[in-house]
Amino acid sequence: MCGIVGYVGREAACPLLMDCLRRLEYRGYDSAGLSVLNGDLQTYKAAGSIDNLAEVLPEEIEGNIGIGHTRWATHGIPNDVNAHPHCSSEIVVVHNGIIENYLKLKEWLEEQGYEFVSDTDTEVIAHLVHFYSNSLDLFEAVRKSMAMLEGSYAIAVMSKNNPDTLIAARKDSPLIVGLGDNAFFTSSDATAFVAHTRDVIFVDDREIVKITPEKVEFYDMEGQLLEKQVSTIDWDVEMAEKSGYAHFMLKEIHEQTRSLQKTFAGKLSELEGNVQLPELKLTDDHLRNIGRVEIIACGTSWNAGLFGKYLLESLAGMHTDVSAASEFRYRDPVMDCNTLTIAITQSGETADTLAAIRNVVQYESSTIAITNVVGSTITREAENVVYTHAGPEIGVAATKTFTAQLIVLYMLAIYMGRRRNYLLPDEGKDVIKALRELPGHVQQVLNQRDIIRKHAAQYADRRDYYFIGRGLNYPAALEAALKLKEISYIHAEGYAAGELKHGPLALLENGTPVVAIVTKNRTYEKMLSNIKEVKARGAEVIAVADQGDREIGKYADIVIPVPATNPLLSPVLSSVALQLLAYYTALEKGCEIDKPRNLAKSVTVE
Amino acid sequence: MKAIVLAAGEGVRCTPLTNTRSKVMLPVANRPILEYVISALVDNGIEEVVLVVGYEKEKVMNYFGDGNDFGAMITYVDQTSQLGTAHAINQAIPALGEDNGSFLVLNGDNIIEKETISKLIADHAGDATVLTTPRETVCGYGVVMSAAGKVKGIFEKPKRQISHMINTGIYAFNRDIIAEIENTEISGRGEYEITRTLQNMVKKDRDVRVTVTKNLWMDSVYAWDLLDINARLLANCGSNFSDTSVIDDSATLIGNVEIGDNTVIRAGSYIVGPVKIGDNCDIGPQVTILPSTSIGNNVSLGPFSDIQNSILMDNVRVESHSHISESIIGFNCNLGPYSICEADNDVNIEIENELVSVEKSGVVIGDDCKFGSRTLTEAGTLVGNNCSVRSGTKVDRHLPANSTVL
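Respectively, the protein sequence lines represent chains X and Z.
Each step along the first sequence adds one to the number in the numbering used here, with nothing skipped, and position 48 is 197.
Each step along the second sequence adds one to the number in the numbering used here, with nothing skipped, and position 366 is 414.
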């Protein structure tokens, strides 16, 4: 997981590259570097954040062409030497992805007399290109090298011998070219340069881009010139700035009142009790024949997937399994053309999820992708795409994109249920009414931020935290635990409350906080017994319960009320309340909330 | 030129609407009051704006973000304790940056237009300029006495009618008066007030001038004043339907009606402009909307309901056969079938131990209220946020927040 950028134009490259890198910092931040070409090749790198790189840069660097990189370590520890760009005499390379056959290539290159200085897989690309550039021009050398490389990569390459050319290429890692006024950008993510241009061309797998100050050309692996289409990015990078909030995460939590509306805008029809999803190209026949749904996702998206399982089962009567993409791709799944695969990935670039969805093609399973990023790789891999429309999310811990994924899953379940004649119009209407009320209810949860903050501070010093729930509140408990551990580094576990007796009860000590999500549903009474169980073992219970629930105060130490709504929808409200709990806990502990240690926003490596 | 906009105060007299958001965020013609201020600045070429926020600041920051959607560049300054205007300005000055040019100070809770401040910007000279506007009755306002374009004195809410020129709270300052602001002493009301700063400057014979505007400058003293302002602003509304809206062929739309994205107007609905309807609304079938009504985003109106001269904020839900007149319904309210919000002439409304007489008024309902079916809310009633009213009941007095009517 890294971010790469490249610039070719008339302005000084260095400040523009630094600006782009800062905007890409969310992709990784344990080292950074850049190279600028001005007759000579000047390379600077530093371990740590982009600010550390800024410190080692001289006042002014001449040159109108350059590449940069922000890194999240996969091979080799994060230090100056392992930071990109990597050089081989006059060649410099930045790379995002993993070269799988790098050890083999490294041995071979060492036999050819190349000396390796870093522990990274990227260095083989630099030497390989250099090896070929002895007899070929830079473009041909990169093309030739690509044939040798196995794995995933998006690369940008420059050579001292070609002072006005930048070559970029991709396979299984994102790469985008931006077309500015007399300037060309390339990057892993349009966020990097969208302040300078919104006209972009998406680079596809196994394509090579040749950028000079005059023009940009796209080639395939055979060296044939390609015609490419220009797209326009419709969101603002400025939206991605913090606008008054202390952290992106807090901003994004608060944005949920609006982002949820955007997710369902124009799709709900309350009078008909139905949902319109014209983007799905599934025939009635096919829908009726679907015997099983396989949801594939990672991390927070997986938790959303588990919601999806409960929803598709209860609203659409569809047998649903949820798989972690990293497991699914190495399993021998049993599926056929009557299996529907739903892949959930916020970035649309999650490597494991992409690999998994490529795998299902062989079973002729139809596919739906749920993603937040328009034009991301998964949108080209899946037959159908439903966008979450939550806007860019910068905080590493997913918040608004998680709730947006849930909304899409509610809509999908209602849509399937109605088209398969499983869900009655009136039942659909009830859920849709509650969906429309959701933004207002989320606002009511946010209004309680000060109370939640107080409770968070009270327990911030604890070593462990447990989250329990039943039914749809179980995935909500899993997600709440994930949020807390991601940003506050407190050991946190989510459990199905009925599973407590089968092990986790042994872990409870005096004063261990247990968060019980106990909004009204058919398991309410059972949850009360579970709360008594943990209380009896000395745990302190923080209950998330419906507003107006008088019962719960008798059992719990602390009650965080959320507005009472349709039981199917209340886990969304509990999730928002517990996002705030995680945020304020991390704040109390002084953690780096937007950039938790060892984590990156989207995981584009296996 | 840059500008400091004061948006930290609560606006207690606009209760119950300000229980959950600051006055600057109250919507009129579907835009918060503060947006009119920002737009007026941007239209005058002032894009760099420092917003002083405090009370319910998240709602301000969520709406305006970094200002990009509004053509502005907004920096936020958090005034954690509201100690008066001079204190707020003093806190905001570092955010103006290094340049030493003059700057504007405005209140975020007055409705203005581009022309209101263009003369002030053009005419500003001397150390400070105060923008005034003539009013027949100056009761409740600060009053400015001047001679030959120079300020002679500023008086907070005088008992006697000493001048017709009221202080709009809009000023242009030179950067070198910063010391004066810093040295402002605390007033009798326990606040650091910028009017005191100006008084001090006048006493010291600094060059404090006055400029008059006769353009739009409106203040919502009480919550129900929003209806007048709303009607006035809607008078400029155009006729504009979003491409993504769906309007049934049998619906009748007369006059200027604006309809937002993804909004559905169902069969048989009858809408007479000026009316503004936001995004994602579900209207009808058979709904009547009469002038001058603003309906926010994600609102649904059930069959046979009838709305006139009212403001319905975001996420409001009105079930069938309801009647709402001269009323303001806060965010996320839910009104059951046959809910009546009654209107009457010459209503006396008691607020903060004062009796205020209002020519024509309906009801004001705060956020998150839930009304059952067949409820009647009498004219002049204020309902606090998060109240719950059972079916078949009558609300004939003010309800404090979180009340339940059984």
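Yeah, the Cβ is synthetic: ideal placement off N, Cα and C, and Gly gets one too.
Identified DSSP bridge partners for residue i
{"i": "Ala-605(X)", "result": "In the DSSP output, where bridge partners are listed per residue, Ala-605(X) has none listed."}
{"i": "Asp-369(X)", "result": "Glu-356(X)"}
{"i": "Tyr-132(X)", "result": "Because chain X spans 150 through 755 in this model, residue 132(X) falls outside it and cannot be assessed."}
{"i": "Ala-393(X)", "result": "The residue you asked about is not Ala; residue 393(X) is Gly in the sequence shown. Per DSSP, none; premise fails for Gly-393(X)."}
{"i": "His-244(X)", "result": "Ile-304(X)"}
{"i": "Thr-452(Z)", "result": "Ser-436(Z)"}
{"i": "His-371(Z)", "result": "Asp-354(Z) and Ile-388(Z)"}
{"i": "Tyr-536(X)", "result": "Thr-520(X)"}
{"i": "Asp-470(X)", "result": "Glu-443(X)"}
{"i": "His-218(X)", "result": "Ile-153(X) and Gly-182(X)"}
{"i": "Asp-348(X)", "result": "Thr-381(X)"}
Secondary structure of residue i, DSSP reduced to three states
{"i": "Met-11(Z)", "result": "Since the first residue of chain Z shown is 49 and the last is 454, residue 11(Z) is not available in this structure."}
{"i": "Pro-624(X)", "result": "helix"}
{"i": "Asp-117(Z)", "result": "helix"}
{"i": "Ser-463(X)", "result": "helix"}
{"i": "Gln-191(X)", "result": "strand"}
{"i": "Glu-387(X)", "result": "Because Glu-387(X) carries a pLDDT of 44, less than 50, the predicted location of this residue cannot be relied on, and the following value inherits that uncertainty. Glu-387(X) falls in the helix class under three-state DSSP."}
{"i": "Gln-593(X)", "result": "helix"}
{"i": "Ser-751(X)", "result": "coil"}
{"i": "Gln-511(X)", "result": "helix"}
{"i": "Gly-155(X)", "result": "strand"}
{"i": "Arg-746(X)", "result": "coil"}
{"i": "Thr-185(Z)", "result": "coil"}
{"i": "Val-230(X)", "result": "coil"}
{"i": "Thr-734(X)", "result": "helix"}
Contact under 9 Å by Cβ, residue i with residue j
{"i": "Val-76(Z)", "j": "Ser-387(Z)", "result": "no"}
{"i": "Lys-309(X)", "j": "Leu-489(X)", "result": "no"}
{"i": "Ile-617(X)", "j": "Ala-626(X)", "result": "yes"}
{"i": "Glu-682(X)", "j": "Asp-706(X)", "result": "no"}
{"i": "Asp-444(Z)", "j": "Thr-429(Z)", "result": "yes"}
{"i": "Arg-568(X)", "j": "Asp-433(X)", "result": "yes"}
{"i": "Gly-300(X)", "j": "Gly-246(X)", "result": "yes"}
{"i": "Leu-82(Z)", "j": "Ala-120(Z)", "result": "no"}
{"i": "Ser-268(Z)", "j": "Ile-413(Z)", "result": "no"}
{"i": "Ile-444(X)", "j": "Val-483(X)", "result": "no"}
{"i": "Ala-339(X)", "j": "Lys-320(X)", "result": "no"}
{"i": "Arg-172(X)", "j": "Ala-317(X)", "result": "no"}
{"i": "Ala-275(X)", "j": "Gly-215(X)", "result": "no"}
{"i": "Leu-555(X)", "j": "Phe-477(X)", "result": "no"}
Option nearest residue i by Cα separation, candidates the options
{"i": "Val-60(Z)", "options": "Tyr-103(Z), Ala-51(Z) and Phe-352(Z)", "result": "Tyr-103(Z)"}
{"i": "Thr-68(Z)", "options": "Leu-454(Z), Asn-433(Z), Leu-89(Z) and Thr-441(Z)", "result": "Asn-433(Z)"}
{"i": "Arg-407(X)", "options": "Glu-737(X), Thr-552(X) and Tyr-479(X)", "result": "Thr-552(X)"}
{"i": "Phe-413(X)", "options": "Asn-679(X), Val-690(X), Pro-234(X) and Val-580(X)", "result": "Val-580(X)"}
{"i": "Ser-211(Z)", "options": "Tyr-270(Z), Glu-407(Z), Lys-200(Z) and Gly-156(Z)", "result": "Lys-200(Z)"}
{"i": "Gly-115(Z)", "options": "Leu-131(Z), Val-97(Z), Lys-105(Z) and Val-101(Z)", "result": "Val-97(Z)"}
{"i": "Asp-276(Z)", "options": "Met-193(Z), Asn-304(Z), Val-85(Z) and Ile-376(Z)", "result": "Ile-376(Z)"}
{"i": "Asn-570(X)", "options": "Ala-749(X), Gly-457(X), Gly-466(X) and Leu-417(X)", "result": "Gly-466(X)"}
{"i": "Ala-641(X)", "options": "Pro-207(X), His-651(X), Arg-347(X) and Val-664(X)", "result": "Val-664(X)"}
{"i": "Ile-517(X)", "options": "Glu-462(X), Val-594(X), Ser-450(X) and Leu-431(X)", "result": "Leu-431(X)"}
{"i": "Asp-327(Z)", "options": "Ser-358(Z), Ile-319(Z), Gly-316(Z) and Val-347(Z)", "result": "Val-347(Z)"}
{"i": "Thr-449(X)", "options": "Ile-248(X), Asp-268(X), Gln-495(X) and Leu-409(X)", "result": "Gln-495(X)"}
Taking any Cβ of chain X, which residues in the stretch 395-429 of chain Z have a Cβ under 7 Å from it, in chain order?
Per Cβ criterion, the list reads Asp-416.
Residues of the stretch 338-366 of chain Z with Cβ closer than 9 Å to any Cβ of chain X, in chain order
So the list reads Asn-345, Asn-346, Ser-348, Asp-362, Asn-363, Val-364 and Arg-365, given in the order they occur along the chain.
Residues of the stretch 61-72 of chain Z whose Cβ lies closer than 9 Å to any Cβ of chain X, in chain order
Per Cβ criterion, the list reads Thr-68.
Under 7 Å, CB to CB, which of the residues in the stretch 83-95 of chain Z have a partner in chain X?
So the list is empty, because no residue satisfies the distance condition.
Output, in sequence order along the chain, the residues in the stretch 370-398 of chain Z whose CB is closer than 9 Å to any CB in chain X.
Residues of the stretch 370-398 of chain Z with a Cβ closer than 9 Å to any Cβ of chain X, in chain order: Phe-379, Asn-380, Cys-381 and Asn-382.
Chain X contacts made by the stretch 142-163 of chain Z, where a contact means CB separation under 7 Å
Within the stretch 142-163 of chain Z, contact with chain X at the beta-carbon level (separation under 7 Å) is assigned to no residue.
Beta carbons nearer than 9 Å to chain Z: which residues of the stretch 417-432 of chain X have them?
Per Cβ criterion, the list reads Leu-417, Ser-418, Glu-419 and Leu-420.
Compile a chain-ordered list of the residues in the stretch 397-409 of chain X whose CB is closer than 9 Å to at least one CB of chain Z.
Within the stretch 397-409 of chain X, the qualifying residues are Leu-399, Lys-400, His-403, Glu-404, Thr-406 and Arg-407.
Of the residues that make up the stretch 333-347 of chain X, which ones have a beta carbon closer than 8 Å to any beta carbon in chain Z?
Flagged: no residues at all.
Residues, ordered as in the chain, of the stretch 696-726 of chain X that lie near chain Z by beta-carbon distance below 7 Å
Of all residues in the stretch 696-726 of chain X, none has a Cβ within less than 7 Å of some Cβ in chain Z.
To be precise: take each residue of the stretch 322-333 of chain Z, compare its Cβ to all Cβ atoms of chain X, and keep it if any distance is under 8 Å. Which residues remain?
Those residues of the stretch 322-333 of chain Z that come within reach of chain X (Cβ to Cβ, closer than 8 Å) are Asp-327, Asn-328 and Asp-330.
Closer than 7 Å between beta carbons: that is the criterion. Which residues of the stretch 620-653 of chain X meet it against chain Z?
Listed by position along the chain: nothing, the set is empty.
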